[in-house]
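Enquirer:
Numbering (our numbering), first residue to last: 7 to 991.
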């Protein structure tokens with residue numbers, strides 16, 4: 007290491023640093039000038055200190071100095087996720103990507119908070135900010151003892167929960183962009199910390215952009231019309247980035263409008279315009295290679311890497327810890343003239359900016375270096391508070407809840423004694439199941455339990471039964487030691503494989519839907535398959551990137567084959583034990599006890615039954631796997647029916663990562679909570695007992711039936727009438743819904759338009775007999791819009807606590823920009839003139855007060871087609887259209903989606919004094935037909951011979967006589983791409 011690179015302040019003792027801080031404070035009081043970023047509190051006077059080590063200089067100057075000292079090879083090496091050390095400059099190795107969605111993930115035990123969708127259900131940004139702060143402090147504490155823990159945090163996820171069958175529903179906050187951005191901003195502020203200069207951690211938002219499907223996620227394209235793009239998908243990112251606590255974003259695997267997100271022009275056109283901070287764009291894992299390998303968007307990896315870098319990707323997450331392939335691709339791109347060294351500098355500059363903000367180059371000045379806190383009483387209390395605030399009371403007929411203290415309870419269901427984790431959880435330090443919580447709250451003598459599993463034995467054709475050998479081996483929890491990539495963790499091989507004997511082992515069978523089973527041994531370990539192909543009772547829970555603990559019974563030859571889903575192979579009894587094989591044995595399933603019989607037995611003897619149902623976050627709905635239905639799995643429906651038949655006083659407590667369509671009408675009380683982390687059981691018990699009045703609110707619409715859902719790949723929330731914004735059916739439970747044990751009165755609504763905003767206020771009073779939280783929700787809608795607008799749209803909300811009889815004034819200052827929409831006719835946001843109704847209430851449907859304001863704005867005007875023509879994607883309505891990429895780098899075009907034809911409508915097109923012809927930019931082959939006002943075809947433009955490729959556009963012209971204002975209808979016949987239509991005079 008060069009002497010000039012040694013940071014001399016590292017020799018200072020803590021006491022001397024404190025003296026320096028106090029000395030600088032005195033100097034500052036004496037008018038020592040500060041640079042605009044805020045001045046660090048220590049000065050270093052050393053002629054050997056290079057400028058990048060000088061804390062007196064602004065970060066931008068220090069970054070430029072360091073960038074100039076790095077060689078080209080060193081800079082290129084920084085482009086990989088695992089940036090190596092530069093020893094000659096004293097620069098440590100660094101990596102992007104510490105998962106921390108609802109606690110520190112993958113790196114061993116940490117405080118586990120509710121899933122993100124549960125945090126969204128709290129509707130409480132102050133709480134979520136405190137959760138983010140706790141998570142960032144635990145990251146700092148864990149990093150102090152394990153350098154694998156990173157400070158560049160890949161969280162939160164701000165993808166909107168547009169479709170409830172999306173496998174990663176658990177990762178988002180809400181279907182609404184406003185609520186999502188409020189919660190995401192709160193979490194990022196907690197992660198970042200409050201210091202004006204140094205960040206505790208550097209949050210990266212996931213996953214840019216329009217990403218709500220796991221099936222074919224790396225090859226499917228989301229067709230996103232401009233209004234949906236600007237009013238919906240971009241908005242959650244824009245508002246969160248604009249709040250100033252975001253260090254970067256991660257592009258998603260999918261394509262948007264035919265173009266991979268990792269080469270999206272929106273990164274430059276939109277993202278980087280929302281903040282003055284340098285943003286670090288980190289690729290998703292393996293996505294750079296996908297540009298060639300699965301998406302076939304580029305022919306070579308050199309082209310793909312160059313395109314991603316130029317689009318704005320700064321850090322490449324690919325090939326694990328091995329950066330050699332990425333660096334070789336960059337070198338190749340440079341050699342081919344696809345990149346310049348200045349392009350490399352731009353990306354490295356953004357990374358270094360984040361590293362400086364994290365205090366890496368000012369270790370003694372970093373105010374967060376000693377602020378780590380881990381598993382503190384405050385963090386445990388916060389985990390419980392968050393879990394309590396996430397509980398949503400969906401129904402409570404005849405005030406069945408809260409439960410009286412002397413209630414005799416039956417607690418049943420597959421989730422009743424579970425505290426489930428998901429892919430982005432840490433390992434549990436503390437564990438509370440619903441059963442634990444109810445035992446603690448009501449006393450074990452008043453609580454009876456039945457899990458409801460089917461208890462079975464598996465008999466071979468020879469008459470023997472599968473058996474779990476006795477083994478003396480320690481308990482191990484998956485991932486307890488931490489791993490940079492838990493997908494690489496393998497199953498246990500220190501336990502003996504299953505064998506057979508005359509009596510066998512009784513297994514607990516749970517069917518999680520669609521025939522996907524888990525089998526658990528009496529000691530609590532799940533059957534699992536390790537890399538050697540042997541079947542063992544070895545897993546503490548189902549889990550892993552490829553779950554090795556799920557099976558399916560397949561009828562065969564009078565019995566069943568047992569297929570292991572992780573390998574796709576069948577179980578077979580071999581000489582060395584049970585293993586998976588291409589040809590499996592036939593087993594007879596001998597049922598010892600049906601789950602519903604055990605449930606009915608305890609339910610009939612109880613005052614109240616609590617059925618705890620839901621999902622395992624690693625099975626049937628998770629990253630890589632979308633759900634296929636809203637229905638509760640049949641096994642759990644059987645248990646619910648049995649409990650209800652035995653005791654009509656049945657409470658359904660859903661613990662799940664997503665909504666279900668359940669028969670709520672037959673139940674007196676229903677609650678929902680996401681998987682609530684380490685304190686989930688205690689929180690649920692306290693809500694059931696009335697120690698806490700529930701005040702969670704649904705962050706997404708609960709639909710009544712699968713038939714209410716659009717296709718998973720239909721991203722047009724406007725045309726598809728999706729989410730509470732546009733859905734005009736009858737939901738099972740609406741967005742924002744949630745009941746309380748108290749009651750609230752709303753009164754005195756006023757609304758006053760001011761310069762740039764509308765000030766809305768009302769009073770809310772607790773008319774109940776207990777302290778409780780209420781979530782006051784303000785919605786708005788355009789009364790007479792010129793284009794389809796939301797039925798109502800969340801403008802603001804506030805969660806507040808009120809004592810019995812207490813009344814509070816609630817005021818919202820709503821910017822008029824919140825009432826704007828994207829005007830496709832002119833390509834701008836516009837506040838439309840006319841009346842707007844403001845609605846205040848307890849949910850999107852439970853409106854208590856309303857009033858109307860006229861904030862001004864601009865009236866609708868005709869589409870200036872003589873000036874702008876018709877950009878093809880700027881339609882008002884469409885049928886059968888997919889939006890695709892005009893070129894690989896920019897622009898949109900349209901093409902028929904599935905059929906051989908598609909139609910587009912452009913309203914109120916102004917042809918002025920008249921036109922005589924129409925031109926169109928076309929590729930592919932087929933015919934473009936134009937008509938006006940629903941009349942006959944007036945012009946047809948045809949490509950008889952296919953063009954050289956999808957981007958080989960050619961202009962076609964036809965005669966057209968039109969004047970004045972008309973609706974233009976375009977029809978595409980055949981595999982034709984249309985980019986633009988023009989109307990010469």
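Beta carbons are placed, not taken as given, at the ideal position from N, Cα and C, and that holds for glycine.
Bear in mind the structure is a predicted one, so any value in this text is a computation, not a measurement.
In chain order, which alpha helix (DSSP H) runs of at least 4 residues are fully inside the region 72 to 140?
Expert: Listed in chain order, the complete alpha helix (DSSP H) runs (minimum 4 residues) inside the region 72 to 140 are 78 to 83, 122 to 128.
Enquirer: Curious, which full-length alpha helix (DSSP H) runs of at least 4 residues does the region 189 to 259 contain?
Expert: Listed in chain order, the complete alpha helix (DSSP H) runs (minimum 4 residues) inside the region 189 to 259 are 240 to 248.
Enquirer: Between the region 207 to 223 and the region 150 to 164, are three or more C-beta pairs nearer than 8 Å?
Expert: Verdict: yes, contact present.
Enquirer: Suppose you measure from the CA of residue 313 to the CA of residue 303; what does that come to, to the nearest Å?
Expert: Those two C-alpha atoms are separated by around 11 Å.
Enquirer: So, for residue 804: in the same chain, excluding its five sequence neighbours on each side, which residues have a beta-carbon less than 8 Å away from its beta-carbon?
Expert: Closer than 8 Å at Cβ, skipping near neighbours: 781, 782, 816, 818.
Enquirer: May I have the straight-line CA-CA distance separating residue 958 from residue 660, to the nearest angstrom?
Expert: Cα to Cα, residue 958 sits roughly 54 Å from residue 660.
Enquirer: For residue 18 and residue 201, what's the separation of their Cα atoms in angstroms?
Expert: Residue placement at residue 18 is poorly supported in this model, since its pLDDT is 29, which falls under 50; the coordinates are not used for a value here.
Enquirer: Are residue 542 and residue 504 close, meaning C-beta to C-beta below 9 Å?
Expert: Cβ distance < 9 Å, so residue 542 and residue 504 count as in contact.
Enquirer: Kindly give me the distance between the Cβ atoms of residue 70 and residue 123, rounded to whole angstroms, as I take these residues to be in contact under 8 Å.
Expert: Residue 70 to residue 123, Cβ: 42 Å. No contact.
Enquirer: May I ask you to report which of helix, strand or coil DSSP gives residue 631?
Expert: If DSSP states are grouped into helix, strand and coil, residue 631 belongs with the strands.
Enquirer: Run through the region 374 to 420 for me and flag every whole alpha helix (DSSP H) of 4 or more residues, listed as ranges in chain order.
Expert: Segments of the alpha helix (DSSP H) lying fully in the region 374 to 420: 383 to 395.
Enquirer: Opposite residue 593 in the DSSP bridges: which residues?
Expert: 566, per the DSSP bridge assignment.
Enquirer: Once the 5 residues before and after residue 792 are set aside, which same chain residues still bring their CB inside 7 Å of it?
Expert: Contacts found: 838, 866.
Enquirer: Write down the C-beta distance between residue 930 and residue 982 rounded to the nearest angstrom, noting that I regard them as a contact closer than 8 Å.
Expert: Correct: roughly 5 Å between the Cβ atoms.
Enquirer: Contact check, residue 511 vs residue 473 under 8 Å by CB: the rounded distance?
Expert: That pair is a contact at about 5 Å.
Enquirer: Can you give me the start and stop residues for the alpha helix (DSSP H) that residue 648 sits inside?
Expert: Taken as a continuous stretch (DSSP letters only), the alpha helix (DSSP H) holding residue 648 covers 640 to 652.
Enquirer: Please list, in chain order, all residues of the same chain as residue 335 whose beta carbon is under 6 Å from its beta carbon, the five residues on each side excluded.
Expert: Excluding residues within five positions, the ones whose Cβ falls inside 6 Å are 307, 308, 311.
Enquirer: Flag this pair as yes or no: are the beta carbons of residue 322 and residue 464 separated by less than 9 Å?
Expert: No. Outside cutoff.
Enquirer: Could you spell out the range, first to last residue, of the beta strand (DSSP E) harbouring residue 984?
Expert: That run of the beta strand (DSSP E) goes 982 to 988.
Enquirer: First and last residue of the beta strand (DSSP E) that includes residue 796?
Expert: Segment: none, residue 796 is in no beta strand (DSSP E) and carries neither H nor E.
Enquirer: Between which two residues does the beta strand (DSSP E) harbouring residue 534 extend?
Expert: 532 to 535 is the span of the beta strand (DSSP E), which, as asked, contains residue 534.
Enquirer: Can you say whether residue 374 is buried or exposed, counting buried as having 16 or more other CB atoms within 10 angstroms of its CB?
Expert: So residue 374 counts as buried.
Enquirer: Whether or not the region 948 to 966 and the region 920 to 935 are in contact is what I'm after, with contact meaning three or more pairs of Cβ atoms, one per stretch, closer than 8 Å; do they touch?
Expert: Yes, since at least three Cβ pairs between the region 920 to 935 and the region 948 to 966 fall closer than 8 Å, the two stretches touch.
Enquirer: Which residues bound the alpha helix (DSSP H) around residue 272?
Expert: First-last of the alpha helix (DSSP H) with residue 272: 272 to 275.
Enquirer: Which first and last residues belong to the alpha helix (DSSP H) in which residue 732 is found?
Expert: 729 to 732 is the span of the alpha helix (DSSP H), which, as asked, contains residue 732.
Enquirer: Hey, how far is the Cα of residue 756 from the Cα of residue 775?
Expert: Cα-Cα distance, rounded: 28 Å.
Enquirer: Go to residue 308, then tell me how far its alpha helix (DSSP H) extends in each direction, as first and last residue.
Expert: Here the alpha helix (DSSP H) through residue 308 covers 307 to 317.
Enquirer: Ignore the nearest five residues each way along the sequence and tell me which others in residue 487's own chain have a CB closer than 8 Å to its CB.
Expert: Counting only Cβ-Cβ distances below 8 Å, and skipping sequence neighbours, we find 114.
Enquirer: In chain order, what residues of the same chain have a beta carbon less than 6 Å from the beta carbon of residue 988, not counting five sequence neighbours either side?
Expert: Cβ neighbours of residue 988 beyond the five flanking positions: 875, 925.
Enquirer: Curious, which full-length beta strand (DSSP E) runs of at least 3 residues does the region 848 to 932 contain?
Expert: DSSP runs (the beta strand (DSSP E)) wholly in the region 848 to 932: 853 to 859, 883 to 885, 887 to 891, 898 to 902, 907 to 916, 921 to 930.
Enquirer: Per the DSSP calculation, residue 659 is bridged to which residue(s)?
Expert: Looking at the DSSP assignment, residue 659 forms a beta bridge with 618, 677.
Enquirer: Write down the C-beta distance between residue 737 and residue 709 rounded to the nearest angstrom, noting that I regard them as a contact closer than 8 Å.
Expert: Going by Cβ atoms, the distance from residue 737 to residue 709 rounds to 6 Å, so yes, they are a contact pair.
Enquirer: When you compare only the Cα positions, how much space is there between residue 743 and residue 243?
Expert: So the two alpha carbons sit approximately 25 Å from each other.
Enquirer: Out of 748, 728, 345, 812, which has the shortest C-alpha to C-alpha gap to residue 799?
Expert: Ranking the options by Cα distance to residue 799, first place goes to 728.
Enquirer: Mark residue 468 as exposed unless 16 or more other C-beta atoms lie within 10 angstroms of its C-beta, in which case mark it buried.
Expert: That one is exposed.
Enquirer: Using three-state DSSP, classify residue 183 as helix, strand or coil.
Expert: Helix at residue 183.
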